[in-house]
Amino acid sequence: MDNILGGTEGFFSVGELSYIWERGLLERRLCGCGKPLPECEIWSDAVALSMGGVQPGTEIVRELVRIQRSNVRVRNTWRLLRHESHTLTPSLQSYVTSHGRLYQAIAQVTGAQVIVDSTKRPSDGALLRLMPQVTPYFVHLVRDPRAVAYSWRRRKAQLDRDRPAEMVAHGTVESTLNWTVWNLAAEAVDRRSGGRSILVRYEDFVSKPRATLARMLDLVEERRTLPFETERSAHLTPNHTVSGNPRRFSTGTVEVRADDEWLSNQRTRDRFMATILAAPLLRRYGYSLRPSSS
Ligand SMILES: [Zn+2]
1345 MDNILGGTEG FFSVGELSYI WERGLLERRL CGCGKPLPEC EIWSDAVALS MGGVQPGTEI
1405 VRELVRIQRS NVRVRNTWRL LRHESHTLTP SLQSYVTSHG RLYQAIAQVT GAQVIVDSTK
1465 RPSDGALLRL MPQVTPYFVH LVRDPRAVAY SWRRRKAQLD RDRPAEMVAH GTVESTLNWT
1525 VWNLAAEAVD RRSGGRSILV RYEDFVSKPR ATLARMLDLV EERRTLPFET ERSAHLTPNH
1585 TVSGNPRRFS TGTVEVRADD EWLSNQRTRD RFMATILAAP LLRRYGYSLR PSSS
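As structure tokens, then:
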């Protein structure tokens, strides 16, 4: 979604911006353009501009990572939403100031009107309203928790094939509880957004990608042409995304396809456990207790 939006005139996708300090500047992971992030011209210009014209020293970057790890966790979302600018602690104030200036610098360096940030943590979203440089709009993306649980279990199986079955069952419980907490935190951010938020279901995106992304253009009130070639395929150009899904390195014609392997391959007890744990939110997001491919 962010890569397609980022290929639209006036839009710039930054990927998961909250990882810029840790993964980008400290660990030198790759920008979407293929260069180590500190060597990408866009990012070295934007970061320097946001810091008053100089590249930040390692100590400054480490301090931002420390604040993020200790104060900007998902469980902090509700507390962060109660803050106003004058109630922030000095460390949170410096974190908010650094991010606000960085968004402004990205807009100046790229000329974009809309910055697409696919950072997932609602706690990061909770701080955007305290940045005077930013008018935040939120896309709350939700996916069927049974599919999410299957996806996590599959990933763990690949990483650690000799683990006992209990670890797998724990994966389903843990991922479904996380799904619930993250969605409740996202709803709390939505409620404080002044109506500038929409709920988007993964399943609706993969069935109607073009129409779903058009809703996002409506949200930010931009009349632009999305880079779709057909209803389901878009033309992606090279980007400058920080972190995120490995697909961000895909360019050219890319087709959006549903990943519904979980419907036929999920174990009965995992499906049952995820359904029970997520039941309070399933109906709210329009998911049935008995999922089917239809
Ligand atoms: Zn780059």
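Counted from 1, the sequence shown has number 1505 at position 161 by my numbering; the numbering is strictly sequential. Even glycine gets a Cβ: it sits at the ideal position worked out from N, Cα and C.
Residue i, DSSP secondary structure in three states
i, result
"residue 1582", "coil"
"residue 1587", "coil"
"residue 1603", "coil"
"residue 1389", "helix"
"residue 1417", "coil"
"residue 1485", "strand"
"residue 1353", "coil"
"residue 1444", "helix"
"residue 1512", "Any reading at residue 1512 must be qualified, since the residue scores a pLDDT of 48, below 50, and its modelled position is unreliable; the value itself is stated next. Helix at residue 1512."
"residue 1517", "helix"
"residue 1503", "With a pLDDT of 38 at residue 1503, under the threshold of 50, the modelled position of this residue cannot be trusted, and the question is left open."
"residue 1398", "coil"
"residue 1434", "helix"
"residue 1374", "strand"
"residue 1635", "coil"
"residue 1380", "strand"
"residue 1630", "coil"
"residue 1477", "coil"
"residue 1594", "coil"
"residue 1426", "helix"
"residue 1536", "coil"
"residue 1364", "helix"
Proximity test, residue i beta-carbon vs ligand 1 heavy atom, cut-off 7 Å
i, result
"residue 1364", "no"
"residue 1376", "yes"
"residue 1459", "no"
"residue 1484", "no"
"residue 1386", "yes"
"residue 1579", "no"
"residue 1464", "no"
"residue 1584", "yes"
"residue 1552", "no"
For residue i, the first and last residue of its enclosing alpha helix (DSSP H)
i, result
"residue 1551", "1546 to 1551"
"residue 1620", "1612 to 1626"
"residue 1470", "1466 to 1472"
Expected contact under 8 Å - CB spacing of residue i and residue j to nearest Å
i, j, result
"residue 1617", "residue 1517", "6 Å"
"residue 1439", "residue 1477", "So it is not a contact: roughly 14 Å between Cβ atoms."
"residue 1586", "residue 1381", "7 Å"
"residue 1536", "residue 1473", "7 Å"
"residue 1519", "residue 1493", "5 Å"
"residue 1524", "residue 1622", "6 Å"
"residue 1596", "residue 1457", "With a Cβ gap of about 26 Å, residue 1596 and residue 1457 do not count as contacting."
"residue 1544", "residue 1484", "7 Å"
"residue 1399", "residue 1362", "Actually they are not in contact, since the Cβ atoms of residue 1399 and residue 1362 sit about 19 Å apart, beyond 8 Å."
"residue 1317", "residue 1357", "No statement about residue 1317 is possible, as the shown extent of the chain runs from 1345 to 1638 and does not include it."
Beta-bridge pairing of residue i - partner residues as DSSP gives them
i, result
"residue 1577", "1599"
"residue 1563", "Bridge partners of residue 1563: none, in fact."
"residue 1541", "1482"
"residue 1369", "Note: residue 1369 sits in no beta bridge, so no partner."
"residue 1571", "Bridge partners of residue 1571: none, in fact."
"residue 1359", "1461 and 1586"
Range of the contiguous beta strand (DSSP E) that encloses residue i
i, result
"residue 1459", "1458 to 1461"
Cβ-heavy atom distance, residue i to ligand 3, below 7 Å
i, result
"residue 1570", "This structure lacks ligand 3; its bound ligands are ligand 1."
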